[in-house]
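In this note's numbering, the protein residues as written are -3 to 44.
Glycine included, every Cβ here is placed at the ideal spot set by N, Cα and C.
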């Protein structure tokens, strides 16, 4: 792989669902800047 592949954080809404509007905005912004691909950051939130 060659080029620019930024890592984006998965956006969530207040209910914990993926915020598709924010995700689309992040991806569209990257495309407008000429990125070559996207890496998605995954993580876990621990609730005590």
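- Between the alpha carbons of residue -1 and residue 20 lies a distance of about 21 angstroms.
- About 4 angstroms separates the Cβ atoms of residue 15 and residue 7, confirming a contact at the 8 angstroms cut-off.
- In the structure shown, residue 35 adopts extended strand secondary structure according to DSSP, grouped into three states.
- The beta-bridge partner set that DSSP reports for residue 28 is empty.
- A check of alpha carbon separations from residue 37 across 29, 22 and -3 identifies 22 as the nearest.
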